[in-house]
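Trainee: No gaps in the numbering here: position 78 of the sequence shown is 78 in full-length UniProt numbering, and each next residue is one more. The beta carbon of each residue, even a glycine, is placed where N, CA and C say it ideally should be. Predicted model, so just to flag it, every value in this text is computed and none were measured.
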Amino acid sequence: MHDIIRHLVLKKAENEGFGKIYDGSASFSIATTRRLSIIQSTNIAPLNQSSAKQLRAIHAFVSSINIDLLRPILTASILLSTLDLQGTQIKMLPDVVFSLFNLRYLGLRYSKIEVLPEAIGRLVNLEVLDAYRTGLLSLPKGVIKLRKIRYLYATALVQIYMIDRGIEVPRGIRYLTGLHALQTVKARSETLCDVAALCELRTFAVSDVKTEHFLSLCNAIMNMNHLVHLSIAASDENEVLPLEALRLPATLSKFELEGQLEKNHMPRILSSWSHLISLTRLSLAFSKLDEESFSSLMVLHDLGSLHLCKAYDGKKLYFPAQSFPRLRLLAMWGSPQLNQVEIVEGALPNLVELCFSKCPELKRLPHGIECLSALEELYFEDTSEELIEQLIRQKRDAGECHENLRRLTTLERWLLC
Numbered sequence: 001m002h003d004i005i006r007h008l009v010l011k012k013a014e015n016e017g018f019g020k021i022y023d024g025s026a027s028f029s030i031a032t033t034r035r036l037s038i039i040q041s042t043n044i045a046p047l048n049q050s051s052a053k054q055l056r057a058i059h060a061f062v063s064s065i066n067i068d069l070l071r072p073i074l075t076a077s078i079l080l081s082t083l084d085l086q087g088t089q090i091k092m093l094p095d096v097v098f099s100l101f102n103l104r105y106l107g108l109r110y111s112k113i114e115v116l117p118e119a120i121g122r123l124v125n126l127e128v129l130d131a132y133r134t135g136l137l138s139l140p141k142g143v144i145k146l147r148k149i150r151y152l153y154a155t156a157l158v159q160i161y162m163i164d165r166g167i168e169v170p171r172g173i174r175y176l177t178g179l180h181a182l183q184t185v186k187a188r189s190e191t192l193c194d195v196a197a198l199c200e201l202r203t204f205a206v207s208d209v210k211t212e213h214f215l216s217l218c219n220a221i222m223n224m225n226h227l228v229h230l231s232i233a234a235s236d237e238n239e240v241l242p243l244e245a246l247r248l249p250a251t252l253s254k255f256e257l258e259g260q261l262e263k264n265h266m267p268r269i270l271s272s273w274s275h276l277i278s279l280t281r282l283s284l285a286f287s288k289l290d291e292e293s294f295s296s297l298m299v300l301h302d303l304g305s306l307h308l309c310k311a312y313d314g315k316k317l318y319f320p321a322q323s324f325p326r327l328r329l330l331a332m333w334g335s336p337q338l339n340q341v342e343i344v345e346g347a348l349p350n351l352v353e354l355c356f357s358k359c360p361e362l363k364r365l366p367h368g369i370e371c372l373s374a375l376e377e378l379y380f381e382d383t384s385e386e387l388i389e390q391l392i393r394q395k396r397d398a399g400e401c402h403e404n405l406r407r408l409t410t411l412e413r414w415l416l417c
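1) Tell me the DSSP secondary structure of residue 421 in three-state form.
2) Check whether the region 161 to 173 touches the region 198 to 216, taking contact to mean three or more Cβ pairs, one atom from each stretch, closer than 8 angstroms.
3) Can you say whether I4 is buried or exposed, counting buried as having 16 or more other CB atoms within 10 angstroms of its CB?
4) Whose CA, out of Q89, N339 and S323, lies closest to the CA of L348?
5) So, under 8 angstroms CB-CB, I173 and I144 are touching, yes? Tell me the CB distance rounded to an integer number of Å.
6) Looking at the secondary structure, which residues open and close the alpha helix (DSSP H) in which A220 lies?
7) Give the range of the alpha helix (DSSP H) segment to which C359 is assigned.
8) In terms of residues, what are the limits of the beta strand (DSSP E) holding C371?
9) Over what stretch of residues does the alpha helix (DSSP H) that includes D194 continue unbroken?
10) If I'm right that V195 touches A220 with Cβ under 8 angstroms, what's the distance once you round it to whole angstroms?
11) Label I39 either buried or exposed according to how many other C-beta atoms from any shown protein chain fall within 10 Å of its C-beta, with 16 as the threshold for buried.
12) Report the rounded CA-to-CA distance for Q260 versus Y132, giving the unit in angstroms.
13) Give the straight-line distance between the Cα atoms of T134 and L74, rounded to the nearest whole angstrom.
14) Can you give me the start and stop residues for the beta strand (DSSP E) that F319 sits inside?
15) Which stretch, first to last residue, makes up the alpha helix (DSSP H) that contains M266?
16) Please state whether the Cβ-Cβ distance between K141 and V124 is less than 8 angstroms.
17) Within 10 Å of its beta-carbon, does residue 423 have 16 or more other beta-carbons around it, so buried, or fewer, so exposed?
18) Spatial neighbours of K316 within its chain, please: C-beta separation below 8 angstroms, excluding the five flanking residues on both sides.
19) Is H7 near the ligand NAP - that is, is its Cβ less than 7 angstroms away from at least one heavy atom of it?
20) Give the secondary structure of K263 by DSSP, where H, G and I count as helix, E and B as strand, and everything else as coil.
21) How close, in whole Å, do the beta carbons of L217 and L182 come, if the pair is a contact with beta carbons under 8 angstroms?
22) Residues in its own chain within less than 7 angstroms of L10 by CB, not counting five upstream and five downstream?
23) Rounded to the nearest angstrom, what separates F101 and A233 at their Cα positions?
24) Under the assumption that T88 contacts I58 (Cβ atoms under 8 angstroms), give the Cβ distance between them as a whole number of angstroms.
25) Just the C-alpha distance for A60 and I21, rounded to the nearest angstrom, thanks.
26) Thinking C-alpha only, which one of L136, R104 and S373 is nearest H151?
27) Name, in chain order, the residues that DSSP records as bridge partners for T155.
28) So, with DSSP's three-state summary, where would you put G142?
29) Should L157 be labelled buried (16 or more other beta-carbon atoms within 10 Å of its own) or exposed?
30) Which two residues bound the contiguous alpha helix (DSSP H) that contains L74?
31) Looking at C-alpha atoms only, which residue of V128, N238, C199 and A119 is the closest neighbour of H226?
32) Tell me whether M222 is buried or exposed, calling it buried when 16 or more other Cβ atoms sit within 10 Å of its Cβ.
33) How far does the alpha helix (DSSP H) with E292 in it reach, from first residue to last?
34) Quick test of your reading: L85 and L108, contact by CB under 8 angstroms. State the CB separation rounded to the nearest angstrom.
35) What would DSSP say about residue 418, mapped onto helix, strand or coil?
36) Return the chain-ordered list of same chain residues with a C-beta closer than 7 angstroms to the C-beta of V62, the five sequence neighbours on each side being excluded.
Below is the structure:
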């Protein structure tokens, strides 16, 4: 944007009260302001309630804000539709928040909120409740009254591997039929039966799944004809999930799965995903893949990123010609037996980033890495001393280092970790 245009836009925004940033100035006024961003909280006394009647949105960008000092503003802001307290240290919301009839967005992500009261049900116009990675362990029954809600994110602070731990949701979640996102619920049979009624979901995440839950989970997912993002986490890494009963929707774009797969059914399970023509991101943990079952993943021709977290137990990783034609990122973490990677010419033609972490038996560079013409970043973490010495030697002797390795933009970021 040209400087003159930028100046005109800022001037017009100021004249029309589009938004202001409060930085602690004693002469600050929010009269006629519709959007307020707070970046300093040591003295917010000038923000009195008499001038807050036009506020539509409040964004707090300071973690130590005292929510009680905002009480007068919140009391007067009857038109407030957005309250964003992301990253703040607050543990409980003041009662006045639940009187904000017009509130449509309540952002508590990364805050210290430990409990939401039943009064949350009074926010009947709420469309987004974002309590991602907070201190919550459960949602109150009052959530069931939020019939206009579309996006409900509520996860615990704990993230063991890829998927955040879920929280308990009340019975009756089935009545929130307009939900587009529900992330992350703690698996219970009655909860999953309720979720089966949420046919409009685009994002769904569930944790603490056991074998006994899987029939209810499969029935629920079968009804989600618009699902784009699905995350399933077993109760622990030793839980075997009977995935052969699960029919994934063809609309799926991102799939995260934590849990073991039944070894005898693994190739058939993975091959059955061939209809997932929209799947571009896949993350697997604890799956116990081997050479044979890994090759079954190659039916996913449109995959753009593949993360394997303690998911591969084989000794050799083999990429035949034409495999994964659109893959741009491959990340391997926690494969203690992996000692050989072979890439045939024509495989992984669009791979940009290749990562190996905690693969102590991998002592040589992937055979055929010179064929990866698109490769820009190569990472190694917690790898063998032999591989580190090979990389250092090749970097020192540029004449023996293949051109594709010399042009990598990132080669050493994790080299000596």
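Mentor: Based on what the coordinates show:
1) In the structure as shown, the chain starts at 1 and stops at 417, and residue 421 therefore has no counterpart that could be examined.
2) With a cut-off of 8 angstroms, the region 198 to 216 and the region 161 to 173 count as touching, because enough Cβ pairs lie within range.
3) On the sequence shown, residue 4 is found 4 positions in, with the first residue counted as 1. The residue in question, I4, is exposed, as its Cβ has fewer than 16 Cβ neighbours within 10 Å.
4) As a first step, residue 348 is located in the sequence shown; it is residue number 348 there, counting from the start. Out of Q89, N339 and S323, S323 has the C-alpha closest to the C-alpha of L348.
5) Counting from one through the sequence shown, the residue named residue 173 turns up at place 173. Counting from one through the sequence shown, the residue named residue 144 turns up at place 144. The pair is a contact, with the Cβ atoms about 7 angstroms apart (cut-off 8 angstroms).
6) In the sequence shown, residue 220 corresponds to position 220, counting from 1. A220 -> alpha helix (DSSP H) spans F214 to M222.
7) Here residue 359 refers to the residue found at position 359 of the sequence shown. Note, C359: premise wrong, no alpha helix (DSSP H); not H, not E.
8) As a working note, residue 371 is residue 371 in the sequence shown. Here C371 belongs to no beta strand (DSSP E), and DSSP marks it neither H nor E.
9) Position 194 of the sequence shown, counted from the start, is the residue given in the question as residue 194. D194 -> alpha helix (DSSP H) spans S189 to V195.
10) Your numbering for residue 195 matches position 195 in the sequence shown. Your numbering for residue 220 matches position 220 in the sequence shown. Right, the Cβ-Cβ distance comes to about 5 angstroms (below 8 angstroms), so this counts as a contact.
11) As a working note, residue 39 is residue 39 in the sequence shown. So I39 ends up on the exposed side.
12) As a working note, residue 260 is residue 260 in the sequence shown. As a working note, residue 132 is residue 132 in the sequence shown. Straight-line Cα distance between these residues: approximately 26 angstroms.
13) Here residue 134 corresponds to residue number 134 of the sequence shown, with the count starting at 1. Here residue 74 corresponds to residue number 74 of the sequence shown, with the count starting at 1. CA-to-CA, the gap between T134 and L74 works out to about 22 angstroms.
14) Walking along the sequence shown from the start, residue 319 turns up at place 319. That run of the beta strand (DSSP E) goes K316 to F319.
15) Working through the sequence shown from its first residue, we reach residue 266 at position 266. Where M266 is concerned, the enclosing alpha helix (DSSP H) starts and stops at M266 to S271.
16) Position 141 of the sequence shown, counted from the first residue, corresponds to residue 141. Position 124 of the sequence shown, counted from the first residue, corresponds to residue 124. The answer is no: Cβ separation not under 8 angstroms.
17) Nothing about residue 423 can be read from this structure; the chain reaches only from 1 to 417.
18) The residue given as residue 316 occupies position 316 in the sequence shown. Contacts found: E291, L338, N339, Q340, V341 and E342.
19) What this structure holds is no ligand at all, so the ligand NAP is not there to describe.
20) In the sequence shown, residue 263 corresponds to position 263, counting from 1. Residue state, collapsed to three classes: helix.
21) Along the sequence shown, one-based indexing puts residue 217 at 217. Along the sequence shown, one-based indexing puts residue 182 at 182. Their Cβ separation, rounded to whole angstroms, is 13 angstroms, which puts L217 and L182 out of contact at 8 angstroms.
22) Numbered from 1 along the sequence shown, position 10 holds the residue referred to as residue 10. Closer than 7 angstroms at the Cβ level, and outside the excluded window around L10, lies no residue.
23) Locating residue 101 in the sequence shown gives position 101, where the first residue counts as 1. Locating residue 233 in the sequence shown gives position 233, where the first residue counts as 1. If I take the Cα positions, the gap works out to 36 angstroms.
24) Against the sequence shown, residue 88 aligns to sequence position 88. Against the sequence shown, residue 58 aligns to sequence position 58. Beta-carbon to beta-carbon, T88 and I58 are separated by about 12 angstroms, too far to satisfy the 8 angstroms threshold.
25) In the sequence shown, counting from the first residue as 1, residue 60 sits at position 60. In the sequence shown, counting from the first residue as 1, residue 21 sits at position 21. Taking the straight line joining both Cα atoms gives about 10 angstroms.
26) Taking the sequence shown and counting its residues from 1, the one referred to as residue 151 is at position 151. Checking the displayed sequence, the identity of residue 151 turns out to be Tyr instead of His. Just measuring C-alpha positions, the residue of L136, R104 and S373 sitting nearest Y151 is R104.
27) By one-based count along the sequence shown, residue 155 stands at place 155. For T155, which the question treats as bridged, DSSP gives no partner whatsoever.
28) For this step, residue 142 is matched to residue 142 along the sequence shown. Note: G142 maps to helix in three-state DSSP.
29) Your numbering for residue 157 matches position 157 in the sequence shown. Answer is exposed; the Cβ neighbour count stays below 16.
30) Residue 74 sits at position 74 when you count from the first residue of the sequence shown. Taken as a continuous stretch (DSSP letters only), the alpha helix (DSSP H) holding L74 covers R71 to A76.
31) On the sequence shown, position 226 is the one that residue 226 refers to. If we check each option's Cα against that of H226, C199 comes out closest.
32) In the sequence shown, counting from the first residue as 1, residue 222 sits at position 222. Looking at its Cβ environment, which holds fewer than 16 other Cβ atoms inside 10 Å, M222 is exposed.
33) Within the sequence shown, the letter at position 292 stands for residue 292. Residues E291 to S296.
34) Your numbering for residue 85 matches position 85 in the sequence shown. Your numbering for residue 108 matches position 108 in the sequence shown. So it is a contact: roughly 6 angstroms between Cβ atoms.
35) One cannot answer for residue 418 here, as it falls past the ends of the chain, which runs 1 to 417.
36) Taking the sequence shown and counting its residues from 1, the one referred to as residue 62 is at position 62. Answer for V62: I38, I39, Q40 and S41, listed in chain order.
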